[in-house]
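Under the numbering used here, the letters of the sequence shown match residues 56 to 327, in that order.
Yeah, the Cβ is synthetic: ideal placement off N, Cα and C, and Gly gets one too.
Report on the following structure.
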Amino acid sequence: MVMDKRVCAMESNATDGKTIQSIETAFAIIEHIAETDRPSVSEIAAEVGCSRSTAHYHLKTLQQNRYVIRDTEGLRLGLRVARLGDLALRESDLHGIIEKNADDLAAETDAIAHVAVKEGEKMVWVYRSSDGKITDLQTEVGRETYVHCTAYGQAILAYMPEERVNALIERFGLPAITDQTITEADDLEEQLEVIREIGFAYSVGGFHREMSSIAAPIFDTTGTVVGTIGITNASKHINNPYKHAKARRFSDELPSHVQKAARIASDNLADL
């Protein structure tokens with residue numbers, strides 16, 4: 056079968072590290088619609104950095120394929136996007152074994168429980184327990200965030216090979232999400248050493264100014280870190296657990312619940 060020359064050219068560009076601008080634009084539009092309440096075409100064009108007519112043509116194609124829906128209230132994502140996300144999550148090793156575990160953790164701690172994995176250079180939330188008390192966390196399933204700014208990401212980084220962590224920092228830096236985000240490599244390494252010593256991560260205000268988190272790593276049968284599970288709550292509800300941890304006095308504290316949940320998740324992976 057003779058392959059279309061245009062397809063060959065696209066594949067060649069991909070292997071050369073080049074990208075296809077129109078596809079990048081389409082994905083940028085989808086992401087902006089996902090993160091914005093019913094944006095207009097003009098708003099999309101301004102955010103994505105293209106002309107209004109270019110945004111219009113991309114939206115027309117996305118609408119024809121039902122990835123974007125225009126109703127009486129404006130533009131929103133179609134359910135086909137949700138289906139793709141669900142299929143992707145089903146490919147995760149953690150799918151089907153962390154939901155009850157996370158819900159139990161949330162009930163035990165009266166906090167929001169999350170499960171996350173590292174994907175590429177970012178961290179992706181793959182599960183969040185139901186809780187209507189906190190609505191502005193931006194931790195919806197499928198949403199990405201920087202790895203260094205949360206206890207969840209730090210719990211993963213602490214058990215990654217040092218050269219991979221350094222390469223990540225060199226390429227993307229440590230951007231500030233809030234004024235409490237760790238932005239210096241030496242400070243991050245010091246934090247990761249503490250995590251390796253006591254087995255869990257704690258962050259306050261790193262990705263949300265008023266929230267704190269405690270998280271622990273999930274390992275596969277080879278001892279490789281594959282994800283993280285933890286809790287998030289208003290900072291006033293989570294005292295600094297490191298003081299107790301260094302004295303080994305946290306058997307009844309929040310970290311013990313988080314570490315137990317991480318062990319259960321790791322054991323469940325071993326049983327697959």
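For E199, same chain residues with a beta-carbon under 6 angstroms away, outside a window of 5 residues either side, are K177, V179 in chain order. DSSP places R251 in the uninterrupted alpha helix (DSSP H) bounded by 240 to 253. Using a Cβ distance threshold of 8 angstroms, Y122 and E154 do not count as a contacting pair.
Annotation: L212 to I84 spans about 30 angstroms, alpha carbon to alpha carbon. Annotation: the continuous beta strand (DSSP E) that includes N288 extends over 280 to 289. Fewer than three pairs of CB atoms, one per stretch, sit closer than 8 angstroms, so the region 274 to 287 makes no contact with the region 216 to 226. Apart from the 5 residues on each side of it in sequence, E102 sits with its Cβ closer than 6 angstroms to the Cβ of H87 in its chain, given in chain order. One alpha carbon belongs to I224, the other to A240, and they sit about 7 angstroms apart. Here V259 has S267, S290 as same chain residues with Cβ atoms under 6 angstroms from its own Cβ, once five neighbours each way along the sequence are excluded. For Y201, the enclosing beta strand (DSSP E) covers residues 199 to 201.
The Cβ atoms of T283 and A271 lie closer than 8 angstroms to each other. Between L243 and I250, the CB-CB gap reaches or exceeds 8 angstroms.
In the DSSP annotation of this structure, the continuous segment of the alpha helix (DSSP H) that includes L309 starts and ends at 309 to 325. Taking the Cα of T233 as reference, the smallest distance to any Cα among G151, H292, T116, T205 is reached at T205.
Taking C-beta separations shorter than 7 angstroms and ignoring five residues to either side along the sequence, the partners of A89 in its chain run L132, following chain order. Relative to L309, the option among R264, F255, A320 whose CA is nearest is F255. Put simply, the backbone Cα of Y112 is about 14 angstroms away from that of I124. For F227, the enclosing alpha helix (DSSP H) stretches over residues 217 to 227. For E248, the closest C-alpha among the options T194, L160, A325, Q209 is that of Q209. Counting along the chain, the unbroken beta strand (DSSP E) around H169 starts and ends at 167 to 174. Its chain contains L149, I152, I153, N156, V170, I273, G282, I284 as the residues whose beta carbon lies nearer than 8 angstroms to that of A320, once the 5 sequence neighbours on both sides are disregarded; these appear in chain order. G228 is classed as exposed because its beta carbon has fewer than 16 other beta carbons within 10 Å across all chains shown.
Contact annotation: L192 and H263 have beta-carbon atoms nearer than 8 angstroms. Annotation: the continuous alpha helix (DSSP H) that includes F82 extends over 76 to 90.
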